[in-house]
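J.: So that we are looking at the same thing, I have put the structure below in structure tokens.
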Amino acid sequence: MNERPTLSELTALATVYRLRSFRKGADELEISPSTLSHIIRDLETRLGARLFNRTTRSVSPTEAGERLVARVSPLLLELDTALREVNEAKDQPRGLLRLTASDTVAMMLVETVIPVFLDKYPEMSVDLVAEAAFVDIVAEGFDAGFRLGEAVPLDMIAIHVGGPSRMLAVASPAYLHDRKIPETPDDLARYNCIRSRTPAGRNYRWEFERDGHSQSVEVKGPLTLNRTEHMLGAALSGMGIAFVPETMAAPYLDSGLLRSLLEEWCPPYPGIYLYYPGRRLLPAGLRAFIDVLKASDLGRAAKRQVAGKLGE
1174 MNERPTLSEL TALATVYRLR SFRKGADELE ISPSTLSHII RDLETRLGAR
1224 LFNRTTRSVS PTEAGERLVA RVSPLLLELD TALREVNEAK DQPRGLLRLT
1274 ASDTVAMMLV ETVIPVFLDK YPEMSVDLVA EAAFVDIVAE GFDAGFRLGE
1324 AVPLDMIAIH VGGPSRMLAV ASPAYLHDRK IPETPDDLAR YNCIRSRTPA
1374 GRNYRWEFER DGHSQSVEVK GPLTLNRTEH MLGAALSGMG IAFVPETMAA
1424 PYLDSGLLRS LLEEWCPPYP GIYLYYPGRR LLPAGLRAFI DVLKASDLGR
1474 AAKRQVAGKL GE
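Residue numbers (our numbering): 1174 to 1485.
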């Protein structure tokens, strides 16, 4: 080989490999797909080896491409870390912060934390992806994620950022009119329940607990939805009983538009955590976001919960 690949070429190589797409790679690198294709073709010519197999529908790395990316990726990561260290010296955080969270948490962040963060740090921008399924934040290029404590990988740094929460069974007064109120989870078999599916496509089982006794119920009903706000809308319309986070149902419970059911079977759980890779330098934007988060209602709720436990 007469000439070493440039940093731009190696970045293009790693981007196409990660996204398995020239179009998506071009969008991320902010160049045209034809330019990106030309960069990779030039690199392949100089290396004397094909790096990607291309069809009209897919892009996949060859064995040579796999080997090269395996060697190059750690070097690019080290370079990114070095550049981040330089950026850390700047007084004002700037750039893009990529976050992932469930629909419920994403809505809470949009209503509380993110407006304060963007107002305080105008040179920052936020890309928040609401995703029900668990996401590998390193592989998908996120700076941090939000999940329940038991869902956070052990190799991540986790920060408790919310007070206790719980799932509640709720229904409208109109639906409950002339119907006997359920007293146990087994009673739900007599009602239309608004079902949901797990990210894997299975019906979500409603989980209850009382006096140390846990019960998992696969409810029945003619309607299945995959977003909490749609489940709430269906319950408000009198279509049946929904099982939703109390935080999202609270305004409708307070106004009387919904009634809670089986509350004694719905104990609280610890709440949510922000987590991020422990092996990477903490970006200035993420550090600033964590500070805003801790000062928010979510952060104060977590502190109150910890203080309450210490006082027990």
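Just so you know, even glycine gets a beta-carbon here, dropped at the ideal spot from N, CA and C.
Predicted, not measured: the structure shown is a model, and the values here were computed from it.
1. Which complete beta strand (DSSP E) runs does the stretch 1236-1295 hold, if anything under 3 residues is left out?
2. So, at 8 angstroms on beta carbons, what are the nonlocal neighbours of N1399 in its own chain, with the 5 sequence-adjacent residues on each side left out?
3. Quick one: Cα of A1408 to Cα of L1434, how far?
4. Report all residues from its chain with a CB closer than 7 angstroms to the CB of P1456; omit the five preceding and five following residues, and keep chain order.
5. Let me know the beta strand (DSSP E) ranges lying completely inside the stretch 1348-1419, each 3 residues or longer, listed in chain order.
6. Report yes if the C-beta distance between I1354 and G1413 is below 8 angstroms; otherwise report no.
7. Using three-state DSSP, classify D1316 as helix, strand or coil.
8. Considering only C-alpha positions, which residue in the set A1312, V1283, V1334 is nearest to S1319?
9. What distance in whole Å lies between the Cβ atoms of L1224 and G1458, which are believed to be in contact at a cut-off of 8 angstroms?
10. Considering only the beta carbon of each residue, do Y1448 and M1329 sit closer than 8 angstroms?
11. Near T1277, which residues of its chain fall below 8 angstroms by C-beta distance, leaving aside the five closest residues on each side in sequence?
12. Got a sec? Which residues, its chain only, sit under 7 angstroms from L1430 by beta carbon, not counting five neighbours each side?
13. Is any heavy atom of the ligand FMN found at a distance shorter than 7 angstroms from the C-beta of E1236?
14. Whether or not the stretch 1185-1199 and the stretch 1231-1244 are in contact is what I'm after, with contact meaning three or more pairs of Cβ atoms, one per stretch, closer than 8 angstroms; do they touch?
15. With C-beta atoms as the reference, is V1325 less than 8 angstroms away from L1361?
16. In this structure, does DSSP put F1462 in helix, strand or coil?
17. Only counting the same chain, and skipping five residues up and downstream in sequence, which positions put a Cβ closer than 7 angstroms to that of E1176?
18. In chain order, what residues of the same chain have a beta carbon less than 7 angstroms from the beta carbon of L1327, not counting five sequence neighbours either side?
19. Please determine, among A1461, A1347, E1380, the residue with the shortest C-alpha to C-alpha distance to C1439.
20. Within 10 Å of its beta-carbon, does T1184 have 16 or more other beta-carbons around it, so buried, or fewer, so exposed?
21. So, Y1486 versus G1411, is the Cβ gap smaller than 8 angstroms?
T.: According to the structure data:
1. If we require 3 residues or more, the beta strand (DSSP E) runs fully inside the stretch 1236-1295 come out as 1268-1274.
2. A1305, S1369, R1370
3. A1408 and L1434: Cα-Cα distance of roughly 12 angstroms.
4. R1257, D1316
5. Within the stretch 1348-1419, the complete beta strand (DSSP E) runs of at least 3 residues fall at 1379-1383, 1386-1390, 1415-1418.
6. no
7. coil
8. According to the sequence shown, residue 1319 is Phe rather than Ser. Among A1312, V1283, V1334, the Cα nearest to that of F1319 is on V1334.
9. Rounded, the Cβ-Cβ distance is 33 angstroms, inconsistent with contact.
10. yes
11. T1401, P1418, T1420, M1421
12. Contacts found: S1345, L1409.
13. As presented, the structure is devoid of all ligands, the ligand FMN included, so that no description of it is given.
14. yes
15. no
16. helix
17. R1219
18. Excluding its 5 nearest sequence neighbours in each direction, L1327 has no C-beta neighbour in its own chain below 7 angstroms.
19. E1380
20. buried
21. For residue 1486 there is no data in the structure shown, the boundaries of the chain being 1174 and 1485.
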